[in-house]
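Per the numbering used here, the sequence shown runs over residues 1136 to 1454.
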Amino acid sequence: MEKRNTKKKNIRVKLIFNPISGENSESPVQLMDVIKEMQAWNFTPEPYLIKPDSVITEVVNEAIDQGILMIVVCGGDGTVSSVARALYGTPVILGIIPLGTQNNIAFSLGIPTDIPEAIALLRMGKRFKIDVGMCVCNGISTPLIEICTIGLFSSLYSAGDDIQHGDITKIGDFLSTLTTTAPSEIQLILDDDREIKASGHLVIVSNMPYIVHHYPFGSDDSLTDGLLDVLFFADLTKMELINYMIQGPGTGGNENPRIMHYLVKKIIINTNPQMPIMVDGITLGSGSVQLEAKRKALTVITPKIIPNMIAKRGDLNEK
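Spelled out as structure tokens, the structure:
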């Protein structure tokens, strides 16, 4: 096996691989490619294949207890988010080899989708501490890695995700939910106790410069500014909302004045009637949620220079 040009010592890592990410038929080949390439870069990967009943937090905690200092996750945004949540607040480093459909988290961090390039980055990149959101819903705290949705998109997520992965039988469920979901009175309580109240279908909160299909959402330094981006879609019809999302949500350009954008450290969101709340594809409950930005709560491996100058704030720690 060819060794890459590195004099760095061998590193033992936990390799968490999701065999249902991306193209299912390619998974066995991809796993072997990943292991061989990691070994060529002087990594000793200890693979774990995710199963339907896997508890990622237990897998990560066991690896940490064994002295492993880097967890490498192979999968899409859902898999990356689940591992990142388990690593929240720990000194253990997260490495990402994106193998999913959207790979938005990797895109936001400047991580390439090419497997050899992503693995080379694990050796040649930088340790970068990013902010993470914390959501509290029904008394349960959940780290927010990419996106929190309150309202219509949370209702549509399950059917939409199934359709995206090829199950066209869910189109009827998607359209039924879309046509029957009514707006709610939505109340936002911002950092300074300022209250915003209006009727609407959707609130989106994110800590990423991009969301979903690489749509621009936050500012260039979203990952390090200690703030959460909030978009409140007030009094938009469903068709206006869908048209806006098709064009791509974001904070730039000429925004509809009914789309309110806030930058907050903390926010409380209440809805009546209660609307569903989802974080990174996980349903938390309904009605009310409190969110707060947590500074430098997760360490990831990124390129030396991250696109859009995310690294300009000087939060890179060279090792």
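C-beta atoms are modelled at their ideal positions from N, C-alpha and C, and glycine is treated no differently.
*Since Phe1242 is in the alpha helix (DSSP H), which residue starts that stretch and which ends it?*
1239 to 1244 is the extent of the alpha helix (DSSP H) around Phe1242.
*Inspect the beta-carbon positions of Ser1156 and Thr1248 and report whether they are closer than 9 Å.*
Between Ser1156 and Thr1248, the C-beta spacing is not below 9 Å.
*asked:* I need the boundaries of the beta strand (DSSP E) containing Lys1171, first residue and last residue.
replied: No beta strand (DSSP E) holds Lys1171; the alpha helix (DSSP H) holding it covers 1162 to 1175.
_Own chain partners of Leu1279 with C-beta closer than 6 Å, once the 5 adjacent residues on each side are dropped_ = Gly1268, Cys1270, Val1414
*Does the region 1426 to 1441 touch the region 1216 to 1232, meaning 3 or more C-beta pairs lie closer than 8 Å?*
yes
*For Ile1155, name the three-state secondary structure that DSSP assigns.*
DSSP, read as helix, strand or coil, puts Ile1155 in coil.
_Mapping the DSSP letters down to three states, classify Pro1408 as helix, strand or coil._
coil
_Rounded C-alpha distance that separates Asp1356 from Asp1364_ = If I take the Cα positions, the gap works out to 11 Å.
*Bounding residues of the beta strand (DSSP E) (the contiguous stretch that carries Val1208)*: 1205 to 1210
*Can you tell me the Cα-Cα spacing of Asn1342 and Lys1186, whole angstroms?*
28 Å
*Taking C-beta to C-beta, are Glu1172 and Ile1250 nearer than 9 Å?*
yes
*Do Ile1146 and Leu1204 have their CB atoms nearer than 9 Å?*
yes
*asked:* What would DSSP say about Lys1373, mapped onto helix, strand or coil?
replied: helix
*Contact under 9 Å by Cβ, Ile1331 with Tyr1397*: For Ile1331 and Tyr1397, yes; Cβs fall inside 9 Å.
_Which same chain residues end up closer than 6 Å to Val1207 when comparing Cβ atoms and leaving out the 5 residues on each side of it in sequence?_
The residues are Val1148, Leu1150, Gly1230.
*What are the partner residues of Pro1351, as DSSP defines its beta bridges?*
Tyr1345
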